[in-house]
Structures are given as structure tokens and as C-alpha cells.
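Here the structure is laid out as C-alpha cells; the discussion comes afterwards.
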Amino acid sequence: MEELKHPPEGVEVFPDVWPYFSLMDNAMAGRLEGSAPILKAFPHNKDNGEFLIKPKKKKLAAMVKSSIVAAPTEIEFPLNGIEDGEVVAEQEGPQDIDCILQEVEDERRTTCSEQQVAEREKEVMERERLVLQRERAVLDREIAVLDRDRAVLERERAALDREKAVMERERAMVERDRDALRRDRLALEREKATLVSLSEEKEGSEEEVTEESSSNSNSSNVKESGDMDRKQRLIHLFEKLIENF
Numbered sequence: 001m002e003e004l005k006h007p008p009e010g011v012e013v014f015p016d017v018w019p020y021f022s023l024m025d026n027a028m029a030g031r032l033e034g035s036a037p038i039l040k041a042f043p044h045n046k047d048n049g050e051f052l053i054k055p056k057k058k059k060l061a062a063m064v065k066s067s068i069v070a071a072p073t074e075i076e077f078p079l080n081g082i083e084d085g086e087v088v089a090e091q092e093g094p095q096d097i098d099c100i101l102q103e104v105e106d107e108r109r110t111t112c113s114e115q116q117v118a119e120r121e122k123e124v125m126e127r128e129r130l131v132l133q134r135e136r137a138v139l140d141r142e143i144a145v146l147d148r149d150r151a152v153l154e155r156e157r158a159a160l161d162r163e164k165a166v167m168e169r170e171r172a173m174v175e176r177d178r179d180a181l182r183r184d185r186l187a188l189e190r191e192k193a194t195l196v197s198l199s200e201e202k203e204g205s206e207e208e209v210t211e212e213s214s215s216n217s218n219s220s221n222v223k224e225s226g227d228m229d230r231k232q233r234l235i236h237l238f239e240k241l242i243e244n245f
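Residue numbers 1 to 245, in the UniProt record's numbering, belong to the letters of the sequence shown in order.
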């Protein structure tokens, strides 16, 4: 560009024999309008992301030396002979593609965020499931402990029932022994009363016995001693029964 703006001495920027002068002159005059091919945007492809590259303008500024035109002139023409209107019309396609790409990116971000939320919810559910499993294991252990305690209580209850039955049997035996002692006591009391009556009768008959002969005295003494021995034995037995009762 510096060489075009400030060419060295003896060098012309736009010589008269320039082969593309007539083409440039026709483009500047507008005679080439509609003759250039129109570029169309490719359809959007999500797989490879193809899109149309925006066309760019090529500016060329030069100083035209002539005796008639004294001021420098800036010349602007589109690349490959495409007019400005055509370039503006073709730029709308890439803008639509950018919008579609932006929408796809937004959808991808939304999908990613939804996946992240789903992953977090899955992690929360997994943690809750582990907590429930631990609580269930604790409950199972407590149930097992309660079952063991219940079995121990059942065994203790059975032992108490057996001891109660033994005590009932012992109580029945004590009642029977008490009844037997009561009957023995009544029998002893009757015997005692009989002995008392016999002793009174004997005392009354002793006075009559003193008048009998000496031959009968020996036999009476033997009989009396036997009665006394029997009386003493009965009294001794009665005292023992009373002490035991």
C-alpha cells in the first residue's frame, strides 16, 4: 500500500496499458451488476458445524496522477467482482447460522445443566438409600436383641412356674403334715385324759388295796410299777409331740 501511495520515480501506479482497467471501469460504472454469480449459504449441519464464511471487501486506494484531476481518488471495489448489495444479502445467511449455532449451544448448556441436576439428584438418592440401609441394619440388630431378651424372659418365666409348682407341692405336704400333727395331738390329749382318769381311779382303789393280804401286795406292786412306767412313757411322748408342733 505504501508503494501504491508513494510510488518511486519513473513508476506509474495505473498505466494506460493496465489489462484490468476496462473491467474496473465497467464495475465502477455499474455495467457488471447482476452478471456475477451469487454465493448461497450451505444448510446448517450439527455434525460437522459447516458454515459460510463471510465475504470480505478488498479496498484499494491509489493516487491517480493526471493533469486533469489534481486531488487523489480512493477506489473501493468488492472481491471477485461482487457488488455491495449482493454481499449484504449474502451476509444474512451466516447471521442465521450464528443464531442457530447459538440456539444449539444454549440447548447443549441446558442439557448439560439438566444432566448435572439429574446426577446431583441421583447422588442424593444414593446417599438416602445408604442411610436407609444403615437404619434398617440398626433396626434388625435391635429386633434381634429384643428377640434374645424375650427368649430369656420366657426361660425365666418357665423357671418361675416350675419353682411355683414346687412350692405348691411343698405347701400341700406341709398342710398334710399339719393335719397329721393335729390328729396326733388330739389322740394324745384323749390318751392323757384317759391316763388322768385311770390315775384317779387308781388312787381311790389304793386305799382298798392296803387292806388286802400280803400275798396280793407283791402282785399289786408289780402292776402299779407297770402302770407308772406306761404313764411316764405316754407323758414323755406327749411332751415331745408338743415340742415338735
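Where is the CB? At the ideal position from N, CA and C, for every residue including glycine.
For residue i, name the three-state secondary structure that DSSP assigns.
i: Arg120; result: helix
i: Leu32; result: coil
i: Glu175; result: helix
i: Glu189; result: helix
i: Glu105; result: helix
i: Glu200; result: helix
i: Glu9; result: coil
i: Leu237; result: helix
Could you check how far apart the C-beta atoms of residue i and residue j are, in whole angstroms? I think they sit under 8 angstroms.
i: Leu195; j: Leu234; result: 6 angstroms
i: Phe238; j: Leu181; result: Going by Cβ atoms, the distance from Phe238 to Leu181 rounds to 13 angstroms, so no, they are not a contact pair.
Rounded to a whole number of angstroms, what is the C-alpha to C-alpha distance between residue i and residue j?
i: Lys240; j: Val166; result: 30 angstroms
i: Ala89; j: Ile97; result: With a pLDDT of 42 at Ala89, under the threshold of 50, the modelled position of this residue cannot be trusted, and the question is left open.
i: Arg109; j: Gln133; result: 36 angstroms
i: Arg230; j: Leu160; result: 51 angstroms
i: Glu168; j: Leu130; result: 57 angstroms
i: Arg148; j: Thr111; result: 55 angstroms
i: Glu175; j: Asp140; result: 52 angstroms
i: Arg31; j: Ile100; result: 37 angstroms
i: Ser22; j: Glu9; result: 26 angstroms
i: Val145; j: Met125; result: 30 angstroms
i: Arg183; j: Glu203; result: 30 angstroms
i: Glu156; j: Arg178; result: 32 angstroms
i: Arg185; j: Glu170; result: 22 angstroms
i: residue 316; j: Lys122; result: Any answer about residue 316 is impossible in this case: the structure gives the chain only from 1 up to 245.
Are there 16 or more other CB atoms within 10 angstroms of the CB of residue i, so buried, or fewer, so exposed?
i: Ala118; result: exposed
i: Ala193; result: exposed
i: Ala27; result: buried
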